[in-house]
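Here's the structure we're looking at; comments come further down.
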Amino acid sequence: MDVECGSYLTGHAESAVLQKKVSMSEIDRALHNLFSIRMRLGLFGGNLSSLPFGMIGPNHVCSKEHQYLALEAARNGIVLLKNSPTLLPLPKTSPSISLAVIGPNANASPLTLLGNYAGPPCKFVTILQGFQHYVKNAVYHPGCDGGPKCSSAKIEQAVEVAKKVDYVVLVMGLDQSEEREERDRIHLDLPGKQLELVNSVAEASKKPVILVLLCGGPVDISSAKYNHKIRGILWAGYPGEFGGIALAQIIFGDHNPGGRLPVTWYPKDYIKVPMTDMRMRADPSTGYPGRTYRFYKGPKVYEFGYGLSYSKYSYEFVSVTHDKLHLNQSSTHFMVENSETVRYKLVSELGEKTCQSMSLSVTVRVQNHGSMVGKHSVLLFMRPKIQKSGNPVKQLVGFQSVMLDAGEMTHVGFAVSPCEHLSRANEAGAMIIEEGSQVLLVDDQEHPIDIIV
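Going by UniProt numbering, the first residue of the sequence shown is number 1, and it counts up by one from there.
The following block contains the structure:
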């Protein structure tokens, strides 16, 4: 009752009350919760202009600052998944370059690029229009009938277009017909005949193809990942009103990509895992693979946090304040799981003061070895040195974004709380810190932390 999603509440609440399936006291409670928050925010009294957002007016809508923010958000969110061998960025200095933009999302409507929960755009630039800014004679072909559903594909026509140009960008993916409230996907494939279109155009193209995906969730593009004719792959999500400009700027080298995947991209067979089974941890005895990057032990199309750049970055652990943590302030406990006896401490027993005193300061050196300025996210993970039953495969401790000029080096700091970042939940749901070695990870760099109980 407190959270309204879709049309369920407006369509069924009155009937539920009349049938006495929902009591008036439940309605009153929900009303109280919703309106008490709004009253605390001062929305029903006082001088509204004195509130944090009380002075917003028409002059703030579509301001240059907000339009730039929309462009910057799109540029930073696009993820480069494949660039082999360094096809991108494309040359933008040749006046004779020819380009074909093919696919059901290449000239998509604002609704597709904006995704869900978006207001009217100030301006709108499609993917095709973004490329036409760089290549005036860019050729367009939708490739499909029926939009991203691609119920039928115009493969022969698309192939003929691809044969006549220097470069081909395929803009595929999904839209809100499959990705929105009350519309859940039942597969992880590209819809309809999209994959057939991709493979046919890639085979016919004179030069390697670039694949762009507009979608909110993962899709299994394993065939494209390993197709040597498809040398560039980018995931743009639903990039908003300036997504077309942002994507073109990346592909033609006016912006260095630095986005990272926010989720694991599972293979299409992952849909066989029952939705009624929401256990996080893998169960080898039944073949259950687990869920999320922390526990999933099956094959991946791309992993959480993955993302390439036009720059090569290197990392080095410069300092870690503690290499050993002694947790012997209180009584020792034991845990037995799968015939393994492991000493551990309850986080609740250690207490907040002890947890704070054990915090680690970690400093990592990061350097941009490329020729372009780049915004780069440094991801710090933790994993057990020896994998035990119930432990995460790895866990994100924190991340920091840095802007580095070509050749520039900087230091990035992280605060690591053992009680938060080096603990795990046991079968009873209690957070525990186990004895043994944990490993801090930044890309291919590792630093061990020994925990002694």
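Virtual Cβ for every residue (Gly too), placed ideally from N, Cα, C.
On a predicted model such as this, the values are computed, not experimentally measured, just so you know.
Residue range of the unbroken alpha helix (DSSP H) whose run includes residue i
i: glutamine 132; result: 127-132
i: tyrosine 68; result: 64-77
i: lysine 385; result: Lysine 385 -> no alpha helix (DSSP H), and no H or E assigned at all.
Straight-line gap, residue i to residue j (C-alpha atoms, nearest Å)
i: tyrosine 167; j: methionine 372; result: 23 Å
i: histidine 228; j: valine 201; result: 13 Å
i: leucine 170; j: glycine 143; result: 9 Å
i: lysine 385; j: aspartate 323; result: 14 Å
i: proline 85; j: valine 378; result: 24 Å
i: tryptophan 235; j: glutamate 241; result: 16 Å
i: residue 464; j: alanine 100; result: Examination of residue 464 is not possible in this model, given that the chain is present from 1 through 453 alone.
i: glutamine 356; j: serine 417; result: 7 Å
i: tyrosine 68; j: valine 135; result: 23 Å
i: valine 165; j: isoleucine 230; result: 15 Å
i: glycine 374; j: tyrosine 315; result: 15 Å
i: methionine 430; j: glutamine 387; result: Looking at the sequence itself, residue 430 is alanine, so the reference to methionine does not match. Rounded to whole angstroms, alanine 430 to glutamine 387 spans 19 Å at the Cα level.
i: tyrosine 226; j: valine 412; result: 35 Å
i: methionine 263; j: glutamate 303; result: Correcting the residue type first, residue 263 is valine in the shown sequence and not methionine. Those two C-alpha atoms are separated by around 7 Å.
i: proline 392; j: arginine 291; result: 11 Å
i: aspartate 220; j: tyrosine 293; result: 16 Å
i: glycine 147; j: proline 257; result: 28 Å
i: phenylalanine 44; j: glycine 54; result: 13 Å
i: leucine 80; j: arginine 185; result: 24 Å
i: alanine 248; j: glycine 130; result: 5 Å
i: glutamine 400; j: valine 347; result: 27 Å
i: glutamine 445; j: phenylalanine 317; result: 7 Å
i: alanine 30; j: glycine 11; result: 17 Å
i: leucine 9; j: leucine 18; result: 14 Å
i: arginine 383; j: arginine 260; result: 20 Å
i: proline 121; j: alanine 73; result: 14 Å
i: leucine 111; j: lysine 92; result: 30 Å
i: glutamate 179; j: lysine 272; result: 19 Å
i: valine 402; j: methionine 409; result: 10 Å
Three-way DSSP call (helix, strand, coil) for residue i in this model
i: cysteine 355; result: helix
i: isoleucine 250; result: helix
i: isoleucine 37; result: helix
i: isoleucine 155; result: helix
i: glycine 146; result: coil
i: threonine 10; result: helix
i: histidine 421; result: helix
i: glycine 244; result: helix
i: tyrosine 140; result: strand
i: glutamate 179; result: coil
i: asparagine 59; result: helix
i: valine 171; result: strand
i: arginine 29; result: helix
i: serine 339; result: With a pLDDT of 46 at serine 339, under the threshold of 50, the modelled position of that residue is not reliable, and no figure is offered here.
i: serine 348; result: helix
i: aspartate 2; result: coil
i: alanine 100; result: strand
i: isoleucine 433; result: strand
i: lysine 82; result: strand
i: lysine 123; result: coil
i: serine 331; result: Residue placement at serine 331 cannot be trusted, given a pLDDT of 48 that sits under 50; what the coordinates show is reported in the next sentence. Residue state, collapsed to three classes: coil.
i: lysine 92; result: coil
i: valine 373; result: coil
i: serine 15; result: helix
i: glutamate 316; result: strand
i: valine 439; result: strand
Rounded Cβ spacing between residue i and residue j (contact assumed at less than 8 Å)
i: phenylalanine 414; j: glutamine 395; result: The Cβ separation is near 13 Å, so there is no contact.
i: leucine 195; j: serine 223; result: 7 Å
i: histidine 369; j: tyrosine 288; result: The pair is not a contact, with the Cβ atoms about 42 Å apart (cut-off 8 Å).
i: leucine 128; j: tyrosine 140; result: 5 Å
i: serine 309; j: histidine 255; result: Not confirmed; about 11 Å, so no contact.
i: leucine 34; j: glycine 232; result: 48 Å between Cβ atoms; not a contact.
i: lysine 149; j: serine 177; result: 6 Å
i: histidine 326; j: isoleucine 245; result: 55 Å between Cβ atoms; not a contact.
i: glycine 237; j: glycine 216; result: 6 Å
Residue interval of the beta strand (DSSP E) (run including residue i)
i: proline 448; result: 445-452
i: proline 110; result: Looking at the DSSP string, proline 110 is not in any beta strand (DSSP E); the run it does join, the alpha helix (DSSP H), is 110-114.
i: valine 326; result: What sits at residue 326 in the sequence shown is histidine, not valine. 324-326 is the extent of the beta strand (DSSP E) around histidine 326.
i: threonine 410; result: 409-416
i: isoleucine 271; result: Element bounds for isoleucine 271: n/a, residue is neither H nor E.
i: serine 361; result: 360-368
i: isoleucine 230; result: 230-235
i: serine 401; result: 395-404
Any non-hydrogen atom of the ligand NAP within 8 Å of residue i CB
i: glycine 305; result: With respect to small molecules bound, the structure shown includes none, and the ligand NAP cannot be examined in it.
Proximity test, Cβ basis, 9 Å: residue i and chain B
i: isoleucine 245; result: No chain B is part of this structure, which consists of one protein chain only.
Taking only runs of the alpha helix (DSSP H) that begin and end inside the region 280-314, which ones reach a length of at least 4 residues, in chain order?
-> 292-295
Beta strand (DSSP E) runs wholly inside the region 181-226, at least 3 long, in chain order | 209-214
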